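**Student:** Line by line, the protein sequences are chains B and V.
Throughout the first sequence, residue numbering follows the numbering used here, covering 1498 to 1976 in sequence.
Throughout the second sequence, residue numbering follows the numbering used here, covering 1498 to 1976 in sequence.
Heads up, the beta-carbon is just placed ideally off N, CA and C, and yes, glycines get one too.
Note that the structure is a prediction, hence the values are computed from the model and not measured.
Dropping a structure here in structure tokens format, bear with me for questions.
Protein chains: 2
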Amino acid sequence: MSDNKDFVKEITNIDEDFAQWYTDIVRKAELADYTDTKGCIAIRPYGYAIWENIQNYADKKFKETGVQNTYFPVLIPESLLEKEKDHVEGFAPEVAWVTEAGGEKLEEKLCIRPTSETIITTMYAKWLNSWRDLPFVYNQWCSVLRWEKETRPFLRSREFLWQEGHTIHETEKEARERTLQMLNIYKDVAENFLAIPVITGLKTETEKFAGADETYTIEAMTYDGKALQSGTSHYFGQNFTKPFDVKFQNRDGKLEYAYQTSWGISTRLIGAIIMAHGDNRGLKLPPRVAPIQVEVIPIAQHKEGVEEKVSEIYERLKTKFRVEADFRKQVSPGVKFNDCEMRGIPLRLEMGPRDIENGECVLVRRDTSEKISVKLENLEETIEKLLEEIQNNMFEMCKKRMEEKTTEAHTLDEFQEKMNSNQGFIKAMWCGSAECEAIIKELTAAKSRCMPFVQEKIDNKCVCCGKPADKYVIWGRQY
Amino acid sequence: MSDNKDFVKEITNIDEDFAQWYTDIVRKAELADYTDTKGCIAIRPYGYAIWENIQNYADKKFKETGVQNTYFPVLIPESLLEKEKDHVEGFAPEVAWVTEAGGEKLEEKLCIRPTSETIITTMYAKWLNSWRDLPFVYNQWCSVLRWEKETRPFLRSREFLWQEGHTIHETEKEARERTLQMLNIYKDVAENFLAIPVITGLKTETEKFAGADETYTIEAMTYDGKALQSGTSHYFGQNFTKPFDVKFQNRDGKLEYAYQTSWGISTRLIGAIIMAHGDNRGLKLPPRVAPIQVEVIPIAQHKEGVEEKVSEIYERLKTKFRVEADFRKQVSPGVKFNDCEMRGIPLRLEMGPRDIENGECVLVRRDTSEKISVKLENLEETIEKLLEEIQNNMFEMCKKRMEEKTTEAHTLDEFQEKMNSNQGFIKAMWCGSAECEAIIKELTAAKSRCMPFVQEKIDNKCVCCGKPADKYVIWGRQY
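As structure tokens, this is what we get:
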């Protein structure tokens, strides 16, 4: 931790002003900072290291399913963006336009990609010939730009980092399977890597991606009970391949348009980690994604042999875990403990003269604050076990909260009352009309999150209009 | 290899039209393709896989020296770009400007980064306080945009992928050391990973980076004897830290401006690989960077047991090497051999009924066309040895060519004559004046590449003006 000029001295209480607590964490844990480019952040090394860990985990999972990485231009000509009607309506209002370049006004303006369906589908049309060429299962890790009015670091930044996968297939069936396959990888990333339980399901027509037939989502819950859309996977059918003329000779020798999907996760996941796990002491990172899993802190560092012995332990652990040692002389162990907690490091290792004498050290868990004395000969084994326990415990804590903050509603009054008092997910039946969604949003500020894959029959009538309803929807306020 | 509609049927002869041969390779080996965004390419999976291998190798080397990855905004406000005089003069003419966003005209236009010194230095000013915070050794992997008039895939694309490292230090000495440390990593990437020998040295004032005190470079030579600047590392002194007000309290308690460096390599290296190693049969990849090291091809695939046995070998090799098997039924082994050569795969493994009977297979080297029969029990060992030999041989072949195509000149006439007949590097003395550089360029189309670290005394007078000269310069025509 550097001693920054504009260091946030205190963080806001998480229960008093969650939004302010959030930005305090972002800055005090040195994850990111505001820049002179309004609405865009700089991701600092500690924040970026979290993103790199997410990338490595997800990229490996992608590649196991045959995904290949690529790179397509950041600039998209206006005429391409306009080719698919719903898509341009959805994205045109929030794009940034390049109108001058190389000292001249451009003949056709170019937008900075808000997403790359249009430019990639254009290339697919050039490359596709026969069914034998299919599928194309391409992905790119890049940044995109969406000119949001209100921004929040990681959650809603004008520029953000993401991956966007774009695939085309020979059959509808194969494309639909790919859509769900990628959603399942996202669920795996969220739950098994980030320790964030998610609800998976289908978005309503109102909430789906501009140009998609169907959008599937993983929805997480924040500390304050709001919903956070954390990854989406879209099935396009032939919505883009028709206007972009992506056709192939099929097995019967006939020309056919390909079936398409796209899917993405972004640096928003860093926001999800902060909002799902953090507390009044700062960030709290699940061990699997944590850039530093163990922080080694000497006690009474000035005493003979302490620095030497602690260095030795640090070097030993480095071969097995992601470890950092804090040997700063100008600050007390107390300050180091606070820094370590603020940065959410899962385990703190303290070691002073008495520990050295006894051939042991003390481990302190970030999630429970529990202190454990460990004999040095058992150190690696204990750390490994504890990191596993912390990972699981953090998932269970989030899951418990999500369960506690998920309730049912059978009437609009009940919906309003519960959303206002509890703020969380509400399960309620829906008739399928966009009007009812609009009324609910107007009255409760909650939107439909998704129609979960696992459908329950809460009731047989719509929570809003009372008409017969067989769709069970999860609702929530959103970040 | 897909059967593309606009597949290049033949490649141009390398000795007849090298530039056309180059673009043929780019397209036929499916490394990249032109897009609807003029001057920008799409990097296809095979090309991107090469880039990923370069990234992984370089990123690991960077991190071993303490480099941390970060991400800064793609958009830079005009006022920031203008803060350092030489820098804005150098880059402003070739930037792309965003003037509209979110449906409105912007109050201040934003350029897409051509390089990020300005936006990063601005943030360093916010984050730096004491000498204890230093150094900042940050890097980002991203894309940049430079609106070139003439473009060529990988070599000079309007958008390209690169890494840009930006560091600030407590002392000039430390910053200078970092500049050279990174240049040495680039030399290592080029020589030991890409098998491309490079000349390292200092750029002249005319050729240095806009805003730098000193620019160091690695210069490669192409098949046709041209120079390819393949990586640069800059020492800035306080040129940026003063106008951007990046100061810190030094060890004496006084305020001091930090000392700065930046350094970058890019997807241009893919162009370097093509141009240094390729031949009339296509791309030729050094084994360490090759996405596929061994291509497994069945012979008489329809015969009983062949597919099964070849699959078995493929599965066996997959655990140890990057391997692909070509089981396409609609094309002959001959076509597969050609595809394999075109894509530059270092080793081809052929296996037919007779090989199976004899418990062996045939390995064919891409670099020498040598065929080697190998007993299956020695397969892994032999492949490992051969890949190593190919890597070394490819480096030696390039080195030999560079030596052959490097000559000395003592007069302008000799310089012109040798450059026109031989096109390669010319070693010549230089008095240090920009005028002489300009005259040489005018007469020979060659620019100064660098003043090599290892200085030789070819002569005691400038090759151009004849005045006393103690600087030994390497000159060459460039891509």
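Check this for me: beta carbons of residue 1786/V and residue 1550/V, under 8 Å apart or not?
**Tutor:** Yes, the Cβ-Cβ distance between residue 1786/V and residue 1550/V is below 8 Å.
**Student:** Can you pull the chain B neighbours of residue 1573/V, defined as C-beta to C-beta under 9 Å?
**Tutor:** Result: 1533 and 1534.
**Student:** Say whether the region 1727-1736 of chain B touches the region 1945-1959 of chain B, bearing in mind that this needs 3 or more beta-carbon pairs closer than 8 Å, one atom from each stretch.
**Tutor:** Touching, no, given that fewer than three Cβ pairs across the two stretches are closer than 8 Å.
**Student:** In whole angstroms, what is the alpha-carbon distance linking residue 1864/B and residue 1885/B?
**Tutor:** Those two C-alpha atoms are separated by around 12 Å.
**Student:** Taking 8 Å as the threshold, find out whether the region 1778-1793 of chain B comes into contact with the region 1825-1845 of chain B through three or more Cβ pairs.
**Tutor:** Yes: at least three Cβ pairs fall under 8 Å.
**Student:** In chain B, which residues lie with their C-beta within 8 Å of the C-beta of residue 1635/V?
**Tutor:** In chain order: 1542.
**Student:** Between the alpha carbons of residue 1524/B and residue 1724/V, how many angstroms are there, rounded?
**Tutor:** Rounded to the nearest angstrom, the two C-alpha atoms are 46 Å apart.
**Student:** Within 8 Å of any Cβ in chain V, is that where the Cβ of residue 1933/B sits?
**Tutor:** Taking Cβ atoms only, chain V never reaches closer than 8 Å to residue 1933/B, which makes this a no.
**Student:** Give the residues of chain V in contact with residue 1525/B, contact being defined as C-beta atoms less than 7 Å apart.
**Tutor:** What residue 1525/B touches in chain V: nothing, since even the nearest Cβ is about 13 Å away.
**Student:** Any idea if residue 1736/B is buried or exposed, counting beta-carbon neighbours within 10 angstroms, 16 or more meaning buried?
**Tutor:** Burial call: buried.
**Student:** What residues of chain B sit near residue 1782/V, judged by a beta carbon separation below 7 Å?
**Tutor:** Under the 7 Å cutoff, chain B gives no residues; its nearest Cβ is about 17 Å from residue 1782/V.
**Student:** So, do the region 1757-1777 of chain B and the region 1506-1524 of chain B have three or more beta carbon pairs nearer to each other than 8 Å?
**Tutor:** The region 1757-1777 of chain B vs the region 1506-1524 of chain B: in contact.
**Student:** Of all Cβ atoms in chain B, is any one closer than 8 Å to the Cβ of residue 1768/V?
**Tutor:** Not closer than 8 Å to any Cβ of chain B, the Cβ of residue 1768/V fails to qualify, so no.
**Student:** In whole angstroms, what separates the C-alpha of residue 1581/V from that of residue 1758/B?
**Tutor:** Cα-Cα distance, rounded: 46 Å.
**Student:** Under 8 Å, Cβ to Cβ, is there at least one residue of chain B near residue 1960/V?
**Tutor:** It does not; no Cβ of chain B falls within 8 Å.
**Student:** Inspect the beta-carbon positions of residue 1707/B and residue 1586/B and report whether they are closer than 8 Å.
**Tutor:** Yes, they are a contact pair.
**Student:** Looking at residue 1783/B and residue 1979/B, is the spacing between their C-beta atoms short of 8 Å?
**Tutor:** Summary: the structure shown does not reach residue 1979/B, with chain B confined to residues 1498 through 1976, and so no result is reported for it.
**Student:** Would you report the Cα separation of residue 1772/B and residue 1816/V, rounded to the nearest angstrom?
**Tutor:** Each residue's alpha carbon lies about 40 Å from the other.
**Student:** Please return the same chain residues whose Cβ sits closer than 7 Å to the Cβ of residue 1941/V, not counting the five positions on each side in sequence.
**Tutor:** Cβ within range, chain order: 1912, 1913 and 1916.
**Student:** Could you work out which residues of chain V lie near residue 1537/B, taking near to mean beta carbons separated by less than 7 Å?
**Tutor:** Going along chain V in sequence order, the residues near residue 1537/B (Cβ under 7 Å) are 1570 and 1572.
**Student:** Would the region 1540-1560 of chain V and the region 1529-1541 of chain B be scored as touching if the rule is three or more Cβ pairs under 8 Å?
**Tutor:** The region 1540-1560 of chain V vs the region 1529-1541 of chain B: no contact.
**Student:** Under DSSP, the beta strand (DSSP E) around residue 1976/B begins and ends at which residues?
**Tutor:** Where residue 1976/B is concerned, there is no enclosing beta strand (DSSP E), given that its DSSP letter is neither H nor E.
**Student:** Could I get the ranges of all uninterrupted beta strand (DSSP E) runs contained in the region 1745-1812 of chain B, with 3 residues as the minimum, in chain order?
**Tutor:** The qualifying runs are 1752-1754, 1756-1763 and 1791-1795.
**Student:** Can you give me, in chain order, the residues of the region 1868-1885 of chain B that have a beta carbon less than 9 Å from any beta carbon in chain V?
**Tutor:** Result list empty, no residue passes.
**Student:** Does any residue of chain V bring its CB to less than 8 Å from the CB of residue 1623/B?
**Tutor:** Closer than 8 Å: yes.
**Student:** Quick one: using the 10 Å Cβ neighbour count with 16 as the cut-off for buried, is residue 1932/B buried or exposed?
**Tutor:** With fewer than 16 Cβ atoms within 10 Å of its Cβ, residue 1932/B is classed as exposed.
**Student:** Taking the alpha-carbon of residue 1952/B as reference, which of 1943/B, 1939/B, 1944/B and 1966/B has the nearest alpha-carbon?
**Tutor:** For residue 1952/B, the nearest C-alpha among the options comes from 1966/B.
**Student:** Taking buried to mean at least 16 other C-beta atoms within 10 Å of its own C-beta, is residue 1566/V buried or exposed?
**Tutor:** Label assigned to residue 1566/V: buried.
**Student:** Is residue 1646/B buried or exposed, if buried means 16 or more other CB atoms sit within 10 Å of its CB?
**Tutor:** Looking at its Cβ environment, which holds fewer than 16 other Cβ atoms inside 10 Å, residue 1646/B is exposed.
**Student:** Do residue 1508/B and residue 1831/B count as a contact pair if the criterion is CB distance below 8 Å?
**Tutor:** Going by C-beta atoms, residue 1831/B is not nearer than 8 Å to residue 1508/B.
**Student:** Which residue comes first and which comes last in the beta strand (DSSP E) that contains residue 1636/V?
**Tutor:** First-last of the beta strand (DSSP E) with residue 1636/V: 1633-1642.
**Student:** I'd like to check one pair, residue 1880/B with residue 1922/B: are the Cβ atoms closer than 8 Å?
**Tutor:** No, the pair does not count as a contact, with Cβ atoms beyond the cut-off.
**Student:** Please go through the same chain and pick out, in chain order, the residues whose beta-carbon is closer than 7 Å to the beta-carbon of residue 1741/B, but skip the five residues on each side of it.
**Tutor:** Only 1580, 1618, 1619 and 1622 meet the Cβ criterion.
**Student:** I need the DSSP call for residue 1729/V, collapsed to helix, strand or coil.
**Tutor:** Residue state, collapsed to three classes: strand.
**Student:** To the nearest whole angstrom, what separates the beta carbons of residue 1594/B and residue 1803/V, a pair I think is in contact under 8 Å?
**Tutor:** The Cβ separation is near 57 Å, so there is no contact.
**Student:** Using a Cβ cut-off of 8 Å (strictly closer), state whether residue 1760/V contacts chain D.
**Tutor:** Absent from the structure is chain D; the protein chains it does hold are B and V.
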